[in-house]
Structure formats: C-alpha cells, structure tokens
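Residues 2 to 301 in the numbering used here are what the sequence shown spells out, letter by letter. Okay, structure first, notes after.
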Amino acid sequence: MQTSPYQDWFESQLEENQSGRIVRASALSRRFNSLVWSVGAAHQFGDLETKINVGKSFRAPIAQELGANGVNYHYFSYERGNQSLSPEQSYQLDLSLTWSPRKVFAAFTPFFNYFSNYIYLNPTSSYDQYYGAGNQIFEYMESRVRRYGAELKLSYQPLKQWKVELLGEYVRSEQLSGAKKGYTLPFSPAPSALMDISWTAKNGKHFKETYLSVDCKWTAAQYHVVPPEESTADYQVFNFRAGTQLQFSGSVLQLRLQVQNLFDKKYMDHTSFYRLISLPEQGRNFILSIGVPFGTQSRS
Numbered sequence: 002m003q004t005s006p007y008q009d010w011f012e013s014q015l016e017e018n019q020s021g022r023i024v025r026a027s028a029l030s031r032r033f034n035s036l037v038w039s040v041g042a043a044h045q046f047g048d049l050e051t052k053i054n055v056g057k058s059f060r061a062p063i064a065q066e067l068g069a070n071g072v073n074y075h076y077f078s079y080e081r082g083n084q085s086l087s088p089e090q091s092y093q094l095d096l097s098l099t100w101s102p103r104k105v106f107a108a109f110t111p112f113f114n115y116f117s118n119y120i121y122l123n124p125t126s127s128y129d130q131y132y133g134a135g136n137q138i139f140e141y142m143e144s145r146v147r148r149y150g151a152e153l154k155l156s157y158q159p160l161k162q163w164k165v166e167l168l169g170e171y172v173r174s175e176q177l178s179g180a181k182k183g184y185t186l187p188f189s190p191a192p193s194a195l196m197d198i199s200w201t202a203k204n205g206k207h208f209k210e211t212y213l214s215v216d217c218k219w220t221a222a223q224y225h226v227v228p229p230e231e232s233t234a235d236y237q238v239f240n241f242r243a244g245t246q247l248q249f250s251g252s253v254l255q256l257r258l259q260v261q262n263l264f265d266k267k268y269m270d271h272t273s274f275y276r277l278i279s280l281p282e283q284g285r286n287f288i289l290s291i292g293v294p295f296g297t298q299s300r301s
C-alpha cells in the first residue's frame, strides 16, 4: 500500500493564535501478506444437523485506519490514523446446531474468536477545538482481543396460518493487551431478543399472500463500556407489518405497510454513532409501499 502526503489547501486556526495549512497525512509505503485457511465438517443425525468450522483470517489495515486526520461527518467524530498498525489476524471457531422436526425449528450457533491483533477506533477524552466544531477525538489502535457469543433462533407453527419466532443474540469482547486492557470494544452491542408473531391468510380470488405481523425487540442495558464511553439503558421497541397481493383484471398490485417503533419509544442504540451527540433513534415511522410487477409473473 502506498499513499501520498496531503495538506489542506486552506489555512486553519492553530494553537497560540497562529494559522497554517494543516498536513493531514504523510507519505506511506507498507506491504502486507499472510496465509489464511479454513476447515469445516457437517453431519446429519435425523432431525439434528451439526456443523463446525475452524479457520484463520487476515485483514490489512485500510488507508483510513493508517492515515486519517480529520472530521468524519458521518460519525460525528474527529479521527486520527496510526501508520504503525499491523495487519488484523483472527482465529475463529464456529458451531451450528439445527433441529427441525415437524412444526418446530431451532438453531443455536455459538462462536469464539481470538484476535492476535485487532484494529479498532478508540474513543478518547479529548475534543477537537480547532477543526470540526468540537467533535470527540477517536484514534485507531490495536490490541489482542477475545470475542465470543451466540445466536439462537426458535420457530413454532402451532397452526397452518400462525407462526411464532424468537431470536436472541449475545456478544462479549475483552481486550487482552494495550492501554484499554480488560475493557470491551467500543460500540459493543448489548444482548437482545426479538419475538415475532405472524398470521398468513388463505389465498382468495382477489387477495393473495396476505399477512399480518407484530414483533417486539428487547435490548438489555449496556454497562460493559470503554472509557470514556457511557452506558445505555435497556429498551423495548414494537413493530407492525401487513401486506397483500391484489389481483384484478389480469393485473397484480402489491401493497405493503410497516409501522416501525409503534409506540414511539425514545431510546439510544449503543452501536450507533448518533449516541455521541445524544440523538435518539428514529421514532414512530410509517412506510407504505405499492408495487406493480412486470413480466409473466404479473399475469400468474
């Protein structure tokens, strides 16, 4: 990887009442290489399917991680790169257990990752006072990291037209070296669970693929933070979906309605950069879509 030096074409205010053209990035020449591998196996025991995968991955640092020095307006932050970053390397173990008897589906997928070197955007307690309106400064750093977690999916269909689903996610990380040793990674997701109840109507003469669905997502409070991160409270969000396919005179009209955050809950998502400026997630949101398919399917 090779980069050229970059300097602002305009002058900015500096310390001690001085001004000048800031050098954002210096010249850089780096070379990266690594051996990656993966091996897996699968076996079926009746209704139970098992899978296992073990592997090693590699990722070279990108130009932004090496040479950033300025405001990231998408993330409301001031970012500083690190030209001495080493490649990111990880060893991972993934398991998958799937059970699918009649009317029931269950899947459990635990995982474990060990990063001999992990690149991440580290929050600092400093703020940029000279460029970018006082954004919090983030610096790209590296650390040995242990990360583990699991995903769970349960689905049950008590009746032909009714279905109940439960989804759960859990992820935990720990830095094993560096200045933030013992802490998690920034913007780590909190444990969450989602329950969905859906109903599908029988196809009629003019209405087909009609459905109604209500789901609730519960997200736990996140207290495992990296200084100077702040914890976020738990929250529940309800969503509603409905749709149908209207057929008349040989034509098809698809109607879809979504109501996201049904009860207009005010909450903060710990994984969102909007949290940095104390901006809550989107409130109640209505989405209405009308589709007119073309081709042979529209006349089926």
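Just so it is clear, CB atoms sit at the ideal spot from N, CA and C, and this is done for glycine as well.
> Does the count of Cβ pairs from the region 55-70 and the region 80-96 closer than 8 Å reach three?
Replying inline: yes
> In chain order, what residues of the same chain lie with their CB nearer than 6 Å to the CB of TYR128, ignoring the 5 residues before and after it?
Replying inline: Locating residue 128 in the sequence shown gives position 127, counting from the first residue. Counting only Cβ-Cβ distances below 6 Å, and skipping sequence neighbours, we find GLY135, GLN137.
>> According to DSSP, is LEU122 part of a helix, a strand, or is it coil?
In response: The sequence position of residue 122 within the sequence shown is 121, counting from 1. In the structure shown, LEU122 sits in a strand (DSSP, three-state: E or B).
> Which residues in the same chain as ALA151 place their Cβ atom closer than 6 Å to its Cβ, once the five residues preceding and following it in sequence are excluded?
Replying inline: Here residue 151 refers to the residue found at position 150 when the sequence shown is read from its first residue. Cβ within range, chain order: PRO111, TYR171.
>> If you reduce the DSSP assignment to three classes, tell me which class GLY68 lands in.
In response: Along the sequence shown, read from residue 1 onward, the residue named residue 68 stands at position 67. The answer is helix: DSSP assigns GLY68 an H, G or I state.
> What are the uninterrupted segments assigned as alpha helix (DSSP H) that are 4 or more residues long and contained completely in the region 79-140, given in chain order?
Replying inline: none
>> Quick check: what's the CA-CA separation for SER156 versus MET269?
In response: Within the sequence shown, the letter at position 155 stands for residue 156. Within the sequence shown, the letter at position 268 stands for residue 269. Approximately 29 Å between the Cα atoms of the pair.
>> Can you confirm whether the region 204-217 touches the region 177-186 when touching is taken to mean that 3 or more C-beta pairs between the two stretches lie within less than 8 Å?
In response: no
> Excluding five sequence neighbours on each side, which residues of the same chain lie with their C-beta closer than 7 Å to the C-beta of ASN54?
Replying inline: In the sequence shown, the residue the question calls residue 54 occupies position 53. Cβ within range, chain order: SER39, GLY41, ASP95.
> Ends of the beta strand (DSSP E) at LEU167?
Replying inline: Along the sequence shown, read from residue 1 onward, the residue named residue 167 stands at position 166. Taken as a continuous stretch (DSSP letters only), the beta strand (DSSP E) holding LEU167 covers 163-176.
>> Buried or exposed for TYR319, going by 16 or more other Cβ atoms inside 10 Å?
In response: With the chain represented from 2 up to 301, any question about residue 319 goes unanswered, as that position is not in the structure.
> Among residues of its own chain, excluding the 5 on either side of PRO192, which ones have a beta-carbon nearer than 6 Å to its beta-carbon?
Replying inline: As a working note, residue 192 is residue 191 in the sequence shown. Taken in chain order, the residues that qualify are TYR171, ALA221.
> Which residues in the same chain have their Cβ closer than 6 Å to the Cβ of ALA61, if we skip the five residues on either side of it in sequence?
Replying inline: Walking along the sequence shown from the start, residue 61 turns up at place 60. So the qualifying residues of the chain are PHE33, PRO88.
>> Can you tell me which residues form a DSSP beta bridge with ALA194?
In response: Here residue 194 refers to the residue found at position 193 when the sequence shown is read from its first residue. In the DSSP output, where bridge partners are listed per residue, ALA194 has GLY169, TRP219.
> Leaving out five residues before and five after GLN259 in sequence, what residues of the same chain have Cβ atoms less than 6 Å from its Cβ?
Replying inline: Here residue 259 corresponds to residue number 258 of the sequence shown, with the count starting at 1. If we look at GLN259 and ignore the five residues flanking it on each side, its Cβ neighbours are ARG242, ILE288.
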